[in-house]
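Chains as they are written, first to last, in my numbering: chain A, 10 to 494; chain B, 10 to 494.
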């Protein structure tokens with residue numbers, strides 16, 4: 010391929026290659042993914058070792074890159090779209106979501122200002138309002154998209170810091186004799202991104218106080234109250250509480266209503282991390298899981314987790330958009346526009362200036378699934394998980410280790426006669442690695458009060474009963490194999 | 010479209026719709042974009058007002074969404090891919106970059122851990138090393154991708170904070186009598202994201218000290234030295250200096266070598282923001298612009314800016330990856346893997362846990378352009394800009410307001426007989442709005458020492474001499490029209 014600068018050489022074979030790729034993508038999503046091991050089997054360094062040390066001097070044909078993708082990259086992919094992917098929070102791209110991303114890549118707009126792509130800002134605000142209504146959240150919630158819940162929660166806690174009236178925007182936190190140590194509270198089951206936000210914002214790990222959980226892995230509100238009192242007595246300044254709806258380990262739901270009442274009494278910012286489980290509240294029978302969230306100061310859930318939108322799309326809501334602006338807005342002359350003040354410029358609400366056109370893929374998903382379609386898939390996932398939980402309950406040598414309110418089941422094997430907790434943990438890790446080595450199912454683990462637990466997480470559009478049956482079969486085979494060792 | 014849960018309904022018409030979309034995308038990129046006004050003409054609220062208040066209850070056909078995209082969304086798009094887009098930093102998606110994004114959306118992996126997609130981590134590290142070599146940066150630079158330079162610089166300054174040995178990770182910044190106010194230095198021409206990072210990290214706006222520029226908009230190193238001395242005397246703790254290679258207003262290049270020597274003397278972290286101009290250093294004749302960057306502690310440039318990679322992809326390099334890990338790594342049990350310690354888990358180096366497969370699109374671009382292809386386009390853009398600068402110099406009533414070392418030209422009109430600086434500013438804003446109203450060219454502005462300047466930024470693969478000719482013609486027509494008023 011010669012370089013012809015009078016014609017866009019990068020488009021010479023684009024159309025042909027894109028059509029070829031679309032057929033591959035459709036085959037892959039329609040089930041071709043099952044031809045690959047769900048968990049990549051490559052050894053560390055295998056992919057990088059197969060690639061040259063430098064970029065090529067001359068242009069290469071699209072076809073060659075595509076071939077190398079098949080030969081070198083694909084074996085190194087762990088297939089999150091595989092129906093047997095039941096690790097972490099299982100997520101899937103949906104066809105409509107992929108279409109939205111394709112278009113977003115081709116348009117390549119930066120929606121930093123309203124003016125730099127009015128449709129990007131307006132569609133984002135509209136689909137976030139659609140989701141707000143779907144989740145039955147209050148009308149005064151203003152919502153926008155971030156890339157990840159890590160960033161959404163970071164912005165929320167920065168807003169909490171700003172709301173405290175400590176003049177942090179101007180004066181910062183260091184070297185001030187008028188500032189006490191600051192405290193953020195979350196349960197010890199909260200996601201690591203909350204502690205990471207505290208680190209980033211300058212509260213330090215000591216500024217993050219982990220509150221114990223009750224027997225169902227929900228935040229212990231008495232312990233929260235005691236911690237706040239203790240910190241106040243010790244001269245610390247409580248800033249915010251982060252409640253979780255759907256914790257990472259067990260998908261437990263903190264008692265948000267109680268926590269919100271406490272926050273109101275104490276004058277604390279309430280941020281709710283519903284990154285995974287928020288989606289469930291699109292079904293009326295799951296409205297309970299967001300009870301109390303109507304009182305939150307900020308709330309995040311991730312359409313890229315359990316709502317079939319390709320990564321990344323995290324929905325952040327707040328009743329105090331102006332506080333986010335006070336925390337973050339900086340408008341140099343080169344970013345002023347004639348319509349400042351009449352429009353929403355989304356760069357004002359967060360850290361990142363650059364903003365992809367993420368609203369498109371969310372819009373494509375919401376319209377083509379419809380509320381009823383989303384509900385049907387969520388209910389199907391929950392039903393599959395509940396059926397699996399029942400199976401666990403019925404198998405003598407398996408133990409359920411936590412309630413399963415949504416589509417994640419925590420359990421462990423109890424090898425016959427074994428009472429040593431370390432030996433049981435190690436057995437379960439081996440069992441998991443054995444299942445994962447099958448290439449057909451991929452599970453992950455966590456640590457609960459009883460020790461290591463395995464997790465089965467359902468969230469993939471392609472996952473069917475047969476996949477759960479295979480998972481059960483592999484667990485039974487693994488058990489048999491390890492018990493005979 | 011009925012909802013059939015035994016078959017993935019979201020894929021029913023995916024293939025057909027995706028092929029149709031690919032043809033539209035190819036037509037659009039090949040020149041169809043010229044059929045649209047570059048700057049959207051919609052009024053605020055026009056897009057959102059045309060959309061329903063709630064998501065649909067039932068699934069809608071893909072075809073209907075596609076039609077609404079054409080009818081409602083497209084008129085609200087400001088076309089960054091339009092060859093007449095010369096505002097901000099002009100960027101373009103390239104065909105190969107779009108292909109990479111398509112595949113990334115279909116795979117939908119989260120490369121948070123090596124194991125969750127070995128190819129995502131390894132390809133990212135490989136292409137970052139290809140770019141490092143291309144830019145002639147030191148071998149010990151470890152590079153990874155962030156979404157935006159806003160995040161890259163935030164991470165870099167968090168690492169600088171960690172490197173200062175103040176035990177910020179554990180203890181935070183607030184309520185400590187052993188911590189002085191912290192200071193970060195950058196020129197008053199530095200991007201607003203640097204001040205925003207200082208805000209986020211708890212240094213406050215007072216913790217960001219803007220250093221004056223010289224006549225060519227480069228940081229005044231004497232003033233920097235004086236500011237550091239003054240702050241030390243006042244009991245503040247200098248942490249880091251941010252040097253810019255290619256400032257947003259004028260693309261000026263700070264004297265990084267001198268600054269790096271000062272940082273070495275003073276024990277300060279040096280972060281270099283080369284978000285826009287870093288790409289130029291792929292051409293040997295532009296290696297000068299990164300002189301001194303080999304001494305940087307961290308360095309960022311954005312392949313999504315002037316390297317034809319779709320937004321978002323920001324390349325962050327550091328010689329101290331362990332410091333980033335100390336600043337950010339938190340590994341809960343559910344994110345441990347059997348190969349911890351033997352592999353790079355990229356979640357450890359930043360705020361965000363979720364990580365898209367961004368390496369794919371960078372790889373596709375680097376291979377299909379090749380180094381020589383990238384150089385040819387960069388040189389062509391620079392030549393177009395230099396030719397425009399010469400034209401400005403030759404037109405009596407136009408004034409160049411800053412040197413143009415790369416592909417951005419700053420200038421202003423001087424209406425005959427007008428000496429009042431506010432009147433000249435206002436005239437230039439009117440001139441710009443008149444050009445922008447054409448729908449054929451989109452310019453932006455900034456404020457320089459002389460007042461308001463207009464900017465012509467070249468970075469689009471499709472921009473040709475005829476587009477610059479049109480730009481000149483519109484400026485001349487605007488001048489004639491406004492002078493007759």
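Backbone N, C-alpha and C fix where the C-beta goes; we use that ideal spot for every residue, glycine too.
Between the stretch 243-261 of chain A and the stretch 213-227 of chain A, the count of C-beta pairs closer than 8 Å reaches three or more; the two stretches touch. Cβ neighbours of residue 338/B within its own chain (closer than 7 Å, five residues either side excluded): 357. Here DSSP, grouped into helix, strand and coil, assigns residue 490/A to helix.
Going by C-alpha positions, residue 154/B is about 7 Å away from residue 367/B. Here residue 132/B is not near residue 320/A, since their CB atoms are 8 Å or more apart. Note: residue 251/A is bridge-paired with 195/A and 280/A in the DSSP secondary-structure output. For residue 160/A, the uninterrupted alpha helix (DSSP H) run begins and ends at 158-172, by DSSP. Under the three-state reduction of DSSP output, residue 220/A falls in the strand class.
From the beta-carbon of residue 454/B, the residues of chain A found nearer than 9 Å are 342, 343 and 345. Here residue 480/B carries a helix assignment [DSSP, helix/strand/coil]. In this structure residue 231/A is exposed. Its beta-carbon is surrounded by fewer than 16 other beta-carbon atoms within 10 angstroms.
Within chain B, the residues whose beta carbon sits less than 7 Å from that of residue 37/A are 115, listed in sequence order. Residue 156/A counts as buried, since at least 16 other C-beta atoms from the protein chains shown sit within 10 angstroms of its C-beta.
With contacts defined as CB atoms closer than 8 Å, residue 164/B and residue 360/B qualify as a contacting pair. The stretch 241-248 of chain A makes contact with the stretch 175-190 of chain A; the number of CB pairs closer than 8 Å reaches 3 or more. Taking CB atoms only, residue 53/A has a neighbour in chain B less than 8 Å away.
Taking 8 Å as the cut-off between beta carbons, the residues of the stretch 152-164 of chain B near chain A are 156, 157, 158, 159, 160 and 163, in sequence order. In summary, residue 426/B is exposed, with fewer than 16 beta-carbon neighbours lying within 10 Å of its beta-carbon over all protein chains present. Beta-bridge annotation (DSSP): residue 153/A is paired with 325/A. Residue 417/B carries a strand assignment under DSSP once its states are collapsed to helix, strand and coil.
Between residue 460/A and residue 484/A, the beta carbon gap of about 17 Å keeps them out of contact (Cβ cut-off 8 Å). For residue 116/B, the uninterrupted alpha helix (DSSP H) segment begins and ends at 104-116. With 16 or more other Cβ atoms inside 10 Å of its own Cβ, residue 89/B counts as buried.
The beta carbon of residue 334/B sits closer than 7 Å to the beta carbons of 357 and 358 from its chain, once the five residues preceding and following it are set aside; these are given in chain order. Per the Cβ contact rule, the stretch 474-483 of chain A is not in contact with the stretch 410-423 of chain A (fewer than 3 Cβ pairs under 8 Å). When the beta-carbon positions are compared, residue 406/B and residue 383/B stay at least 8 Å from each other. According to DSSP, residue pairing for residue 454/A in a beta bridge involves 463/A. In chain order, 115, 116, 117 and 118 make up the part of chain A whose C-beta sits under 9 Å from the C-beta of residue 90/B. DSSP links residue 407/A through a beta bridge to 422/A. Counting along the chain, residue 308/B sits inside the beta strand (DSSP E) bounded by residues 307-310. Nearest neighbour of residue 467/A by Cα position, chosen from 394/A, 66/A and 278/A, turns out to be 394/A.
Residues of the stretch 320-337 of chain B that bring their beta carbon within less than 9 Å of a beta carbon in chain A comprise 320, 321, 323, 336 and 337, in sequence order. Contact of residue 419/A with chain B by beta-carbon distance below 9 Å is absent, the smallest such distance being about 11 Å.
Burial check for residue 195/B: the Cβ neighbour count within 10 Å reaches 16 or more, so the residue is buried. Between the C-alpha atoms of residue 248/B and residue 438/B there is a straight-line separation of about 39 Å. Taking a Cβ-Cβ threshold of 7 Å, the residues of chain A close to residue 131/B are 56, 57 and 85, in chain order.
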